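Engineer: Each protein sequence line maps, in turn, to chains A and B. With the working numbering applied, the first sequence closes on residue 1327, and no number is skipped along the way. With the working numbering applied, the second sequence closes on residue 201, and no number is skipped along the way. Built from N, CA and C at the ideal position, the CB exists for glycine as well. Everything numeric in this text was worked out from a predicted model, so none of it was measured.
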Amino acid sequence: MHFAYLGHGQFNLMKLFKALFSVAVTLLLIWALQTKFGEAPPIGAFLNPATGFWQNAESKNISSDSLQLDGLQGRVTIRYDEHRIPHIFAQNDHDLYYAQGYITARDRLWQMDIQTRSAAGRLAEIAGPKALNIDRYHRRMGMTYGAENTLKGMMKDPVTKVVIEAYTDGVNHYIRHLSKRDYPIEFKLLDYAPEQWKPINCAYLLKLMSETLAGGSDQFAMTNNLKRFGAKDVNDLFPDYPFHEDPIIPVGTKWDFKPLPVPKPSSDFIAQMTDNIKPKERVPGIGSNNWVIAGSKSASGYPILANDPHLNLTFPSIWYQLQMSSPTVNVYGVSLPGAPCIVIGYNQKISWGVTNVDADILDWYQVRFKDNSKNEYWYNNQWNKVKKRIEAIHIRGQKPLYDTVIYTHHGPVVYSNVSQKPKERENIPIGDALRWVAHDESDEFMTFYLLNRGKNYDDYRKALTYYTAPAQNFIFASNDKDIAITPNGKIPLKFKDQGKFIMDGSAPANDWHGWIPYDQNPTVKNPARGFVSSANQSSTDQTYPYYINWRFELYDRGKRINDRLKVMQNATVDSMQLMQMDNYSMRAQDVLPALMKYLDPSKLGKRQLEALQIIKKWDKHYDASSEGASIFNAWWLKFYGMTWDDEFADKKMLLNYPSFDRTEKLLLTESNSKWFDDINTPAKETCTDIVIRSFTAAVNELLRKYGQPGQKWQWGNIKDSHINHLAGLPGFGTGHFSAGGTAAVINALKGGNGPSWRMVVQMGPQVKGYGIFPGGESGNPGSYFYEDLFNTWKDGKLNELLFLGAENEKSERIKSTLILNKTK
Amino acid sequence: MTTFLTDQTKKINMLFLVIIILSFVSAYFLPWWVVAIVAFFAAFFIGKTSGQSFWSGFGAVFIVWTLLALFKSIPNDNMLAKRVAQLFQLPNWIWILLITALIGGLVSGMSALSGVLVKKAFKN
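(1) Which residues in the same chain as N1324/A place their Cβ atom closer than 6 Å to its Cβ, once the five residues preceding and following it in sequence are excluded?
(2) Hey, out of N1183/A, F1235/A, A1201/A, N1175/A, whose CA is closest to T1191/A's CA?
(3) Report the residue ranges of all alpha helix (DSSP H) runs contained in full by the segment 705-756 of chain A; include only those spanning at least 4 residues, in chain order.
(4) Determine whether the beta carbon atoms of F467/A and K691/A lie at a separation below 7 Å.
(5) Is it right to say W1216/A is buried, meaning 16 or more other beta carbons lie within 10 angstroms of its own, or is it exposed?
(6) Hey, is S133/B's beta-carbon within less than 7 Å of any beta-carbon in chain C?
(7) Let's test the definition: count the other Cβ atoms within 10 Å of the Cβ of F556/A and tell me whether it reaches 16, buried, or not, exposed.
(8) Tell me, which residues are paired with I853/A by DSSP?
(9) Quick one: is L550/A near chain B, going by C-beta distance under 7 Å?
(10) Which residues of chain A have a Cβ atom closer than 8 Å to the Cβ of W109/B, listed in chain order?
(11) So that I know if they touch, is there some Cβ in chain A lying closer than 7 Å to that of N153/B?
(12) With DSSP collapsed to three states, give me the class of S185/B.
(13) Do F131/B and G186/B have their beta-carbon atoms positioned less than 7 Å apart in this structure?
(14) At a Cβ threshold of 7 Å, is Q129/B touching chain A?
(15) Would you give the residue range spanned by the beta strand (DSSP E) that L1098/A belongs to?
(16) List in chain order: all unbroken alpha helix (DSSP H) runs of 4+ residues lying wholly within the segment 1011-1037 of chain A.
(17) Out of S1241/A, D1014/A, N982/A, R1261/A, point me to the one whose CA is closest to E1269/A's CA.
(18) Straight-line CA distance for S544/A to R620/A?
(19) Once the 5 residues before and after G992/A are set aside, which same chain residues still bring their CB inside 8 Å of it?
(20) Among residues of its own chain, excluding the 5 on either side of G1308/A, which ones have a beta-carbon nearer than 6 Å to its beta-carbon?
(21) Please determine if the segment 1120-1129 of chain A and the segment 1143-1161 of chain A are in contact, where contact requires at least 3 C-beta pairs separated by less than 8 Å.
(22) Just to make sure I have the definition right: I need the residues of chain A whose C-beta is within less than 7 Å of the C-beta of M181/B. Which are they?
(23) On the three-state DSSP scale, how would you describe S1105/A?
(24) Quick check: the Cα distance between N169/B and T143/B, rounded to an integer number of angstroms?
(25) Can you say whether G804/A is buried or exposed, counting buried as having 16 or more other CB atoms within 10 angstroms of its CB?
(26) In chain A, which residues lie less than 7 Å from V102/B when you measure between Cβ atoms?
(27) Compute the distance between the beta-carbons of W881/A and W1260/A, then report whether it is under 7 Å.
(28) By the DSSP assignment, the alpha helix (DSSP H) with N955/A in it spans what residues?
(29) Does the Cβ-Cβ distance between R1316/A and L1304/A come in under 7 Å?
(30) Would you be able to state if there are at least three C-beta pairs under 8 Å between the segment 1194-1202 of chain A and the segment 1095-1111 of chain A?
(31) With 16 other CB atoms within 10 Å as the buried threshold, where does G604/A fall?
(32) Taking the C-alpha atoms as reference points, what is the distance between N779/A and G733/A?
(33) Apart from the five residues on each side of it in sequence, which residues of its chain come closer than 7 Å, Cβ to Cβ, to Q537/A?
(34) Given T671/A, which residues of its chain have a CB within under 6 Å of its CB, disregarding the five upstream and five downstream residues?
(35) I'd like to know if I1226/A contacts chain B, where contact means its C-beta is closer than 7 Å to some C-beta of that chain.
(36) Mind reading off the beta-carbon distance from A137/B to V193/B? Whole number of angstroms is fine, and I expect it under 8 Å.
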């Protein structure tokens, strides 16, 4: 009995143990599947078909729908065309921007979230410590500070306030009603949830653009150059005006204004430039094109406008395309996901576009602190108090980091000591304060709001006065047959070369001295030559009374555009489209004859001679199938490297290389220059030596990497064109594709950089737009509209854009309708 | 012998069917791990042996998840599944489907097993 009882108990215990063990294993399994390990998403949460990624797989057929949205004042009709491009018809402006926010969030929520997070220095919250350096950089360079100031500017104006708030409400309505299964796939992969949208996020997007287009700096490297080579060589190698140039405002244009007095150089600047004491390659070609031909050059008699802004291409597409209509506006174009209004586009009266102005709106100032507490700094012959701003950076899986940033009256001291500076920020000086126009209060959306409604040249000019940064070449055409271009933005009033080097922050003479008045920014209207254009080159010739920058983008694309437009007659949309795909190399035209002249065939091996035959037959186009382009490209880069590496490649000190333009001048006019000598060899090299050596080395490199000349040598194969997903996720981008173009030709597609939107607008009684961007309207990798426009873009074609005159206009291209009703 | 087999099959079918139906329904409005609770209680109340419970649970959710995934994926031409397969460096999207189904099956199977074992530990 006793034993039996015991036996029974043991038997039960054994069963209990088995049961508990099984339960424990099950719970552990579920926990493991619900938890994020390292880079991998929580596997159960991600894969299960009820709420995981399978839910993001969309069908091709999206039917019409009707929704009730609280916050709307009236009814909004959104008509979707065959590419899922929305055409919004609202009964008032509030609802128009509300709907824009709502549908942009529907298509691009994750992109909006990650881009504003990145700008705000809040990536570590979701990505953990590996994002800490980038977050700290964004915080310390004052992205948050700048966005807060811009927000003030936007909210002061009652018009932009309504626009921003309505847009924000629209986004938030979408987020509030979003169930977990409908989260964009990236939220599921990275395991976090969307948060409320805030008006400041719209400002963050502007800061991000400023960072991309006007956030770089070579002043630290230039200051090092000055220490290494002295003022004479630096002035010679880094001139204030390029050798080859064809400026945006045609040479000889008269300045019909009385300029403000130009500030006097500070005494230390003069000392720096006359002192006898001996005290990274910039990637050229990132920029954009735009041009307009006057009616005199077009077949229709009305102007034609073209624009293709170049950016680092990513999926989801950088731009969001749409038509926006209310009783005050009817406009078509592209917007930034997360920001209201159309940035580049047209209505039935005007069209406009932008390219970047290389204005120097970012300067560094040396700061002298009183002591290590860094509470006071020397300025204007006295000690001044610094401001300290504490940045709380939240880090996934760790305690938050509290980072104190010192602000002088110039701006933030980005890195106060060596330990704060990560390796990838080689170009940022330590202990220096940053003055950046993107820190200032501004209201850029007003510019776009007004352009969207613009009717004529005067409206265009007025809109530009609201614009701060990043400075853009605003190009314009109207149905009144006016054409114009204006390098525009808030541009500091400076003495010549102010900010070419790091400045002494204690001298008031080194501060910015106000601004160039908006009506004195360079501009030209209806020039005699019958066209205006820009490709990031110098804004003006040397007669312009103000200093904008000492260097601009190379002239190559601008020159080619102007050469072609000069001879163009009876142009049509097709002529513009072909020009946007032009691969002709101005550099090859400028330097290839000289390179050939110095290349003595008797000194070449058999392989080199074969390559020489190819390049001799080359038509100077960077076409995908061209082998000559590959040889020339490698040759020029070797020539450039062999000319400057011996002096400028320095592991210990960051130096700025002379430009391609200066190198061209050296080759074409200074073949006896001392810079050709390789200082690491006892022999004295000449231009001829460098030309031959670089050609031999280039051909050898091609042979080593790609074997015998043939298909593998083709430019489309060698040039790695690709578009990555914004988070670099494999399988979510395009992978490598073969395409023509390169950095310094009109079709500036190289690596992951290139035309992010190509647009051509034919003005006339019925304005007609054509456009394409790489990718698609949807940001969802599981949508048919994620990259449905990619192939059209890759082939250099444009889609005719559907501009609906009225809400109920019939069109076979409309595939579905979404009605948004206000809640009853 | 024959009676015994038919009896067993019936019980497998019963448990299997209950889990299939409940996990199908719950998938539309409850978190994914609810299948574990479903399988656990189904086996607790009508599970018989360990093997029967595990395989009923496994098979039911394996099938349910495969169907649910295909329901979304086929109209999508499996485009997204292909991208995700590339992301995880798998040669083919079928692998993603298989892993999805296996995970669901395993969770459900283990839960059903736990359910029947707990029942056995408390009864008797």
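Structural biologist: Based on what the coordinates show:
(1) Q571, R578
(2) N1175/A
(3) 722-740
(4) Lying outside 504 to 1327, the shown extent of chain A, residue 467/A is not represented and no answer is given.
(5) buried
(6) Checking the listed chains, one finds no chain C in this structure; the protein chains it contains are A and B.
(7) buried
(8) S981/A
(9) yes
(10) G547, A548, N551, A553, T554, G555
(11) yes
(12) helix
(13) yes
(14) no
(15) First-last for L1098/A: 1089-1101, but that is the alpha helix (DSSP H), not the beta strand (DSSP E).
(16) none
(17) Before going further, note that residue 1269/A is Gln rather than Glu in the sequence given. Checked all of S1241/A, D1014/A, N982/A, R1261/A; the closest Cα to Q1269/A is N982/A.
(18) Contrary to the premise, residue 544/A reads as Pro rather than Ser in this sequence. When rounded, the distance between both Cα atoms is 20 Å.
(19) V860, A862, I864, V940, Y970, T971, A972, P973, A974, Q975, N1024
(20) none
(21) no
(22) Met is not the amino acid found at residue 181/B; the sequence shown has Gly there. Near G181/B (Cβ distances below 7 Å), the residues of chain A are N551.
(23) helix
(24) 16 Å
(25) exposed
(26) The contacting residues do not exist; V102/B stays about 11 Å from chain A at best.
(27) no
(28) 947-955
(29) no
(30) yes
(31) buried
(32) Because N779/A carries a pLDDT of 39, less than 50, the predicted location of this residue cannot be relied on, and no value is offered for it.
(33) P545, G547, A548
(34) W700, P702
(35) no
(36) Between V193/B and A137/B the Cβ distance is about 14 Å, and since that is not below 8 Å, they are no contact.
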